[in-house]
Amino acid sequence: MAVSPEQQISATHFVREIEKNDGSVLKVYQCSTGDVGCVVWDAAIVLSKYLETEQFCNSRSGVSTWSSKQVMELGAGTGVVGIMAASLGANVTVTDLEDLQPLLQLNIQENRELVRTGSITAKVLKWGENVTDFLPHPDYILMADCIYYEQSVVPLAETLKLLSGPDTCIICCYEQRTMGVNPEVEKRFFELLLQDFEAEEVPAERQDPEFNSPDIHILHLRRRNG
Ligand SMILES: C[S@@+](CC[C@H](N)C(=O)[O-])C[C@H]1O[C@@H](n2cnc3c(N)ncnc32)[C@H](O)[C@@H]1O
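In this text, residue positions in the sequence shown follow UniProt numbering: the first is 1, and each later residue adds one.
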């Protein structure tokens with residue numbers, strides 16, 4: 001018996017639904033098996049919902065900061081954060097390793113009706129590699145839960161430096177973990193990054209009232225002058 005594309009997807013994937021403030025729903029496919037990028041991490045939900053908060057999306061005027069902004073997401077995994085930004089009007093490039101491209105394409109396709117004035121494309125970007133294809137510098141770089149293994153610290157910091165211009169704002173969301181190598185990895189990453197960037201932590205009251213957690217931090221990072 002022939003298996004339809006829908007049946008094939010449901011055998012290997014499961015869906016997480018994320019309701020936007022306007023009542024529409026992002027449908028994010030995750031893989032039943034695979035590496036860390038195949039599922040939606042909590043930091044990605046916290047960051048996605050942060051993008052919809054009043055400081056970016058004025059509920060009275062309907063004006064969205066994201067409208068026409070050039071946005072990149074690093075280590076996008078399922079692509080949920082980038083898809084949210086695109087649905088709010090941004091022109092987004094979601095990036096991850098080659099292996100994650102089919103999942104990113106699937107999620108872009110499944111949510112295409114929510115992306116109206118914005119746009120979204122998936123591309124391969126391995127941290128530490130050449131970024132000329134991604135220039136000029138984007139307005140925003142988004143990253144959720146990307147600080148978790150030692151070998152990535154130097155290349156990830158390097159990629160952020162190369163991609164950021166004087167007006168680029170990096171919004172970095174991460175879950176602070178107390179186990180294993182995580183505290184050391186985080187410490188080394190921020191020591192390195194703060195040589196070139198200034199950081200401002202977003203307090204809980206400026207995050208989504210429901211989707212926030214004391215363990216999950218959101219930072220805005222901008223290049224230091226000079
Ligand atoms: C913990 S997952 C987070 C995924 C997604 N941002 C989320 O929060 O749901 C980390 C992501 O970083 C990507 N990643 C890890 N090392 C990378 C590298 N060297 N270059 C590019 N992406 C990388 C992984 O493929 C994975 O998608």
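Every residue, glycine too, gets a C-beta built ideally from N, C-alpha and C.
Take residue 32, set aside five residues on each side of it, and the residues of its chain with a beta-carbon closer than 7 Å to its own are 12, 13, 14, in chain order. Counting along the chain, residue 188 sits inside no beta strand (DSSP E); it lies in the alpha helix (DSSP H) bounded by residues 182–193.
Of the residues assessed, residue 159 falls on the buried side of the cut-off, its CB having 16 or more other CB atoms within 10 angstroms. Counting C-beta pairs closer than 8 Å gives fewer than three between the segment 15–31 and the segment 188–195, which falls short of the contact rule.
With a cutoff of 8 Å on beta-carbon distance, residue 205 and residue 219 are scored as not near each other. Not one heavy atom of ligand 1 is found less than 7 Å from the C-beta of residue 161.
Using a cutoff of 7 Å, the CB of residue 167 does not count as near ligand 1, since none of the ligand's heavy atoms is closer than that. Ligand 1 never approaches residue 153 closely enough for any of its heavy atoms to be under 7 Å from the residue's Cβ. Bounds of the alpha helix (DSSP H) holding residue 103 are 101–110. By the Cβ criterion, the segment 129–147 is not in contact with the segment 97–106, since fewer than three pairs of Cβ atoms, one from each stretch, lie closer than 8 Å.
For a cut-off of 8 Å, the C-beta gap from residue 138 to residue 72 is around 5 Å, short enough to register as a contact. Per DSSP, reduced to three states, the secondary structure at residue 54 is coil, with no helix or strand assignment. Linking residue 183 to residue 148 through their CA atoms gives a straight-line distance of about 9 Å. Membership of residue 84 in any beta strand (DSSP E) is not indicated; the residue belongs instead to the alpha helix (DSSP H) covering 80–87. Cβ-Cβ separation between residue 89 and residue 59: approximately 15 Å, too far for a contact (criterion under 8 Å). Excluding residues up to 5 positions away in sequence, 127 lie with their Cβ nearer than 6 Å to the Cβ of residue 156 in the same chain. In the three-state scheme derived from DSSP, where H, G and I count as helix and E and B as strand, residue 176 is classed as coil.
In the structure shown, residue 45 falls within a helical segment according to DSSP collapsed to helix, strand and coil. Within 7 Å of the C-beta of residue 78 there is at least one heavy atom belonging to ligand 1. In the structure shown, the three-state DSSP call for residue 211 is coil.
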